[in-house]
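So the sequences go chain by chain: A and B. Position one of the first sequence corresponds to residue 3 (this note's numbering), numbered consecutively onward. Position one of the second sequence corresponds to residue 548 (this note's numbering), numbered consecutively onward. In this text, a Cβ means the ideal position worked out from N, Cα and C, and glycines have one as well. For reference, the structure is listed below as structure tokens.
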Amino acid sequence: NAGVTQTPKFQVLKTGQSMTLQCAQDMNHEYMSWYRQDPGMGLRLIHYSVGAGITDQGEVPNGYNVSRSTTEDFPLRLLSAAPSQTSVYFCASSYQENTEAFFGQGTRLTVV
Amino acid sequence: GIQVEQSPPDLILQEGANSTLRCNFSDSVNNLQWFHQNPWGQLINLFYIPSGTKQNGRLSATTVATERYSLLYISSSQTTDSGVYFCAVASSGGFKTIFGAGTRLFVKA
Numbered sequence: 003n004a005g006v007t008q009t010p011k012f013q014v015l016k017t018g019q020s021m022t023l024q025c026a027q028d029m030n031h032e033y034m035s036w037y038r039q040d041p042g043m044g045l046r047l048i049h050y051s052v053g054a055g056i057t058d059q060g061e062v063p064n065g066y067n068v069s070r071s072t073t074e075d076f077p078l079r080l081l082s083a084a085p086s087q088t089s090v091y092f093c094a095s096s097y098q099e100n101t102e103a104f105f106g107q108g109t110r111l112t113v114v
Numbered sequence: 548g549i550q551v552e553q554s555p556p557d558l559i560l561q562e563g564a565n566s567t568l569r570c571n572f573s574d575s576v577n578n579l580q581w582f583h584q585n586p587w588g589q590l591i592n593l594f595y596i597p598s599g600t601k602q603n604g605r606l607s608a609t610t611v612a613t614e615r616y617s618l619l620y621i622s623s624s625q626t627t628d629s630g631v632y633f634c635a636v637a638s639s640g641g642f643k644t645i646f647g648a649g650t651r652l653f654v655k656a
């Protein structure tokens with residue numbers, strides 16, 4: 003049982019490049035979410051999904067897009083990377099929106 | 548939206564000491580969790596505790612939902628307890644789980 007898997011673990015982008023951070027879970031969880039964590043700070047919610055085909059914005063959605071075509075996958079897209087998006091990104095899943103959440107190991111993204 | 552405040556922001560303990568971490572929240576919640584982020588950045592579930600009291604070894608947690616706070620107790624602290632402890636809540640009827648800023652704990656040998 004892999005739990006929540008994020009890829010890649012590390013990434014360096016140039017300003018203006020696009021990329022997709024992958025998140026997959028094998029626990030048949032309905033609820034998935036993306037957070038970013040900046041140095042010395044807590045996690046801030048970017049986007050979340052309560053099930054396949056349903057997504058919504060969190061606290062800091064600007065500059066990020068998501069989609070949820072399957073229960074298992076919840077990719078996060080950066081359309082035009084900016085240095086302000088340098089951060090560690092965490093994906094989480096839970097059975098439902100108000101049950102115990104499980105986190106992936108994070109993706110450390112640097113935008114130069 | 549709901550506000551989450553954790554205290555203290557930083558804590559230094561001698562190995563073997565006990566500590567209490569606090570999480571205050573500004574609205575009624577139907578989800579409250581405590582996490583430990585270890586020095587390698589991994590987030591580990593400690594407790595799912597929207598109300599009541601739970602214990603797991605040297606750790607225990609209590610949430611008093613009517614007074615909008617939760618406490619995490621660490622007894623006989625060990626150096627491996629070092630890291631950041633986060634409280635995360637979702638307001639009643641909401642879908643967004645919001646994190647506090649965390650308590651950074653360092654346990655000295």
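- Task: Can you tell me the Cβ-Cβ gap for Ser96 of chain A and His31 of chain A, rounded? I've got them flagged as a contact below 8 angstroms.
- Result: Contact between Ser96 of chain A and His31 of chain A holds, with the beta-carbon distance rounding to 6 angstroms and staying under 8 angstroms.
- Message: Against chain A, does Phe642 of chain B count as a neighbour if the rule is that its beta carbon must be under 7 angstroms from one of theirs?
- Response: Yes, its Cβ sits closer than 7 angstroms to a Cβ of chain A.
- Query: Per the contact definition of three or more C-beta pairs closer than 8 angstroms, is the stretch 617 to 629 of chain B in contact with the stretch 81 to 101 of chain A?
  - Reply: Touching, no, given that fewer than three Cβ pairs across the two stretches are closer than 8 angstroms.
- Message: Please state the DSSP three-state secondary structure of Gln87 of chain A.
- Response: Note: Gln87 of chain A maps to helix in three-state DSSP.
- Ala637 of chain B and Glu99 of chain A look like a contact to me (Cβ under 8 angstroms); what is the Cβ gap, rounded to whole Å? 7 angstroms between Cβ atoms; contact.
- Query: Taking Cβ positions, are Phe76 of chain A and Val6 of chain A nearer each other than 7 angstroms?
  - Reply: Their beta carbons are not under 7 angstroms apart, which means Phe76 of chain A does not touch Val6 of chain A by this criterion.
- Query: With contact counted as at least three CB pairs below 8 angstroms, one residue from each stretch, are the stretch 57 to 68 of chain A and the stretch 566 to 574 of chain B in contact?
  - Reply: Counting Cβ pairs under 8 angstroms, fewer than three are found: no touch.
- Just reading off the beta strand (DSSP E) that Ile596 of chain B is part of, what are its end residues? Segment: none, Ile596 of chain B is in no beta strand (DSSP E) and carries neither H nor E.
- Query: Less than 7 angstroms separating the beta-carbons of Ile78 of chain A and Leu23 of chain A?
  - Reply: With the sequence shown as reference, residue 78 of chain A is identified as Leu, and Ile is not the correct amino acid for it. If you check the CB distance, Leu78 of chain A and Leu23 of chain A come in under 7 angstroms.
- Query: Among A:Asp58, A:Thr109, A:Ser86, which one has its Cα closest to the Cα of Tyr33 of chain A?
  - Reply: Comparing Cα-Cα distances from Tyr33 of chain A to each of A:Asp58, A:Thr109, A:Ser86, the minimum goes to A:Asp58.
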